[in-house]
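S.K.: Quick note on numbering: the working numbering labels position 11 of the sequence shown as 18, and the sequence is numbered without any gaps. Using N, Cα and C, we set each Cβ at its ideal position, and we do this for glycine too. The structure's right below; bear with me while I get my questions together.
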Amino acid sequence: MTATGAPQRHLLVHQLLHHAHALLAAAADSEALPLASLLARAVDHLPAEDRADLDPPARARLTAEAAAQLLACTRTPIRPQDPHLESCLRALDRLPRAARTGLLAVAAQRTTPGLDSAAPPAACVPAPVGSPARGRAAGRCPCACNSGGFCGGCGHAGCGGRR
Numbered sequence: 008m009t010a011t012g013a014p015q016r017h018l019l020v021h022q023l024l025h026h027a028h029a030l031l032a033a034a035a036d037s038e039a040l041p042l043a044s045l046l047a048r049a050v051d052h053l054p055a056e057d058r059a060d061l062d063p064p065a066r067a068r069l070t071a072e073a074a075a076q077l078l079a080c081t082r083t084p085i086r087p088q089d090p091h092l093e094s095c096l097r098a099l100d101r102l103p104r105a106a107r108t109g110l111l112a113v114a115a116q117r118t119t120p121g122l123d124s125a126a127p128p129a130a131c132v133p134a135p136v137g138s139p140a141r142g143r144a145a146g147r148c149p150c151a152c153n154s155g156g157f158c159g160g161c162g163h164a165g166c167g168g169r170r
C-alpha cells in the first residue's frame, strides 16, 4: 500500500471481510471455497481506487491481516506475518459452511470502522459473585494434585480434569 495509512487499511480489511462473507453466502452449496482463496478473491471486489494503490505485496499483507482478524474471532492469537497463518485457515476450512459464514460475518462486524476494538459487550460474561457453585466444596482441594502428585482428574487447577 503505497499511500494508505492505518485508518484506510482498517477500512480495507473490513471491506475485504465483508466481500468474502458475501462471496461465501452467494456460492453454491456444493462449491468448496477455502477461506484463503476466498479472501484473495475478495480483494478483487474492493473499490477500484483502493485496488489501484495495492501492489502485490500490499495485497498479500491486506489478505493476511484479514485472515488474522478472522482467526482472532476464534480466539487464535496470530499475527498477519505468522508463518502458520495458512495452516490455521485450513483448519477453519474443516468447519461447516454455516459456521464459516457466521465467522466471516462476525469478523466483518468486529472490524467495522468507528467501533471500539474491544470485544462486544454481549461476548463478555461477568464473573460470578458470592459463594462457589453448588456441589463444589470451598477451600483447598485435599487430593494429591496439591502436593505435586496426580489425582486422576478431580477438576482442581493443578490436575486439569474432573471425575
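1) Is ALA35 helix, strand or coil when you go by DSSP?
2) Straight-line CA distance for ARG101 to ARG66?
3) Buried or exposed for VAL132, going by 16 or more other Cβ atoms inside 10 Å?
4) For GLN22, I'd like the list of residues in its chain whose CB is within less than 7 Å of its CB, leaving aside the five on either flank, ordered along the chain.
5) CB-CB under 7 Å to HIS28, same chain, minus the five flanking residues each way: which ones, in chain order?
6) Check this for me: beta carbons of GLU72 and PRO87, under 8 Å apart or not?
7) According to DSSP, is HIS21 part of a helix, a strand, or is it coil?
M.R.: By the coordinates alone:
1) coil
2) 25 Å
3) For VAL132, the predicted model reports a pLDDT of 42, less than 50, meaning its position is unreliable; a value from the coordinates is still stated below. Answer is exposed; the Cβ neighbour count stays below 16.
4) LEU53
5) Shown here for HIS28: same chain residues with a beta carbon closer than 7 Å to its own, the five before and five after excluded, namely THR108, LEU111, ALA112, ALA115 in chain order.
6) yes
7) In the structure shown, HIS21 sits in a helix (DSSP, three-state: H, G or I).
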